[in-house]
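Novice:
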Amino acid sequence: MNAAETIRDAVARVAALRHLSAASPHLQSAVTSIKSLQARRFSGTYHDALATQEYGAAARFFLVELYSEKDYSQRDAQFARIAGALQRIFPDQVVATAVALAQLHVLTEEFDYAMADSWLQCTRNTSEEVDRYLSAWRTVGRSEDRTIQLNLVIEIGSELERLTRTPGLRMMLRMMRRPAMATGLGALQSFLEAGFDTFAGMSAQKGLATKFLKMIEEREAALMAQLFDSSQSIGHDVLARHLKAA
51 MNAAETIRDA VARVAALRHL SAASPHLQSA VTSIKSLQAR RFSGTYHDAL
101 ATQEYGAAAR FFLVELYSEK DYSQRDAQFA RIAGALQRIF PDQVVATAVA
151 LAQLHVLTEE FDYAMADSWL QCTRNTSEEV DRYLSAWRTV GRSEDRTIQL
201 NLVIEIGSEL ERLTRTPGLR MMLRMMRRPA MATGLGALQS FLEAGFDTFA
251 GMSAQKGLAT KFLKMIEERE AALMAQLFDS SQSIGHDVLA RHLKAA
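In this text, residue positions in the sequence shown follow the working numbering: the first is 51, and each later residue adds one.
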């Protein structure tokens, strides 16, 4: 499957999940709760990074573009619309970033909707969101796919960092801004520019981007291991601590 087919397939799968959710207000509410909790969790896990000059911009970019409860339907539609033109217009590295983003998006949506269904079916006699989330996480399982999800996040960050070393790419993005807006591709344009500028700022300090991505990888892997731990108290206490720090 080439880049265009991969992106179109991912967008179609996400659209199908959204259609299912739209047919059930309870499921939609559960999805919203899951996404909201995960955004708060990320803010708590990286509260220290968000507060620093070195990592603050990159952590906020990841929070807004990859971990938030933001509605990405507009960007999805734009990705699908230009999927066929990606390989003709953009450098290979931009195409690779777009493909990884599409793959991450569909995997994340699959997890969120599966967890939302489990969230609704939770029979535990508790209304505490930490316990409900932890139960849903373990019911859905798929630890190997969770690792793939994390690897895609790191891949996107790495690709964005490499893009900053592509001669002339920033000028190309700037020149594309007006045509992108005129043709309804503003959301995609904003993502590319924000990602480029965020990592360009870090690249000015040698090794900083690599350290940031290593921090993401280590903290997320450790959290996943703790949430999958057979001890209910370990997963509960860790998740509660991250949320409290948000």
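Note that beta-carbon positions come from the ideal geometry of N, C-alpha and C, so glycine has one too.
None of these values were measured; they are calculated from a predicted model.
Answer with buried or exposed for S182, where buried requires no fewer than 16 other C-beta atoms within 10 angstroms of its C-beta.
Specialist: At residue 182 the sequence reads Arg, which differs from the Ser that was named. Label assigned to R182: buried.
Novice: Tell me the rounded alpha-carbon separation between F92 and F112.
Specialist: One C-alpha to the other measures close to 9 Å.
Novice: Are the beta-carbon atoms of R94 and W187 separated by less than 9 Å?
Specialist: It should be pointed out that residue 94 corresponds to Gly in this sequence rather than to Arg. Not a contact, by the Cβ cut-off of 9 Å.
Novice: I'd like to check one pair, A108 with M252: are the Cβ atoms closer than 9 Å?
Specialist: A contact, by the Cβ cut-off of 9 Å.
Novice: How would you label S281, buried or exposed, when you count the other beta carbons within 10 angstroms and need 16 or more for buried?
Specialist: When all chains shown are included, S281 counts as exposed.
Novice: When you compare the CB positions of E267 and I204, do they come within less than 9 Å of one another, or not?
Specialist: Contact flag set, yes.
Novice: Starting from the N-terminal side, write out each stretch of the alpha helix (DSSP H) that is 4 residues or longer and does not extend beyond the segment 199-236.
Specialist: Complete alpha helix (DSSP H) runs here, min 4: 219-232.
Novice: Tell me whether K294 is buried or exposed, calling it buried when 16 or more other Cβ atoms sit within 10 Å of its Cβ.
Specialist: Exposed, because fewer than 16 other Cβ atoms sit within 10 Å of the Cβ of K294.
Novice: Hey, how far is the Cα of S208 from the Cα of S79?
Specialist: In a straight line, the C-alpha of S208 is about 34 Å away from that of S79.
Novice: Do you know whose CA, among H97, V190, E243 and L277, lies nearest M225's CA?
Specialist: Comparing Cα-Cα distances from M225 to each of H97, V190, E243 and L277, the minimum goes to E243.
Novice: Cα separation between N175 and S185?
Specialist: With a pLDDT of 49 at N175, under the threshold of 50, the modelled position of this residue cannot be trusted; read the value that follows with caution. Near 12 Å, if we compare the C-alpha coordinates of S185 and N175.
Novice: Can S118 and A89 be called in contact, C-beta distance under 9 Å?
Specialist: Yes. Within cutoff.
Novice: Does the beta-carbon distance from A152 to I57 come in below 9 Å?
Specialist: Going by C-beta atoms, A152 is nearer than 9 Å to I57.
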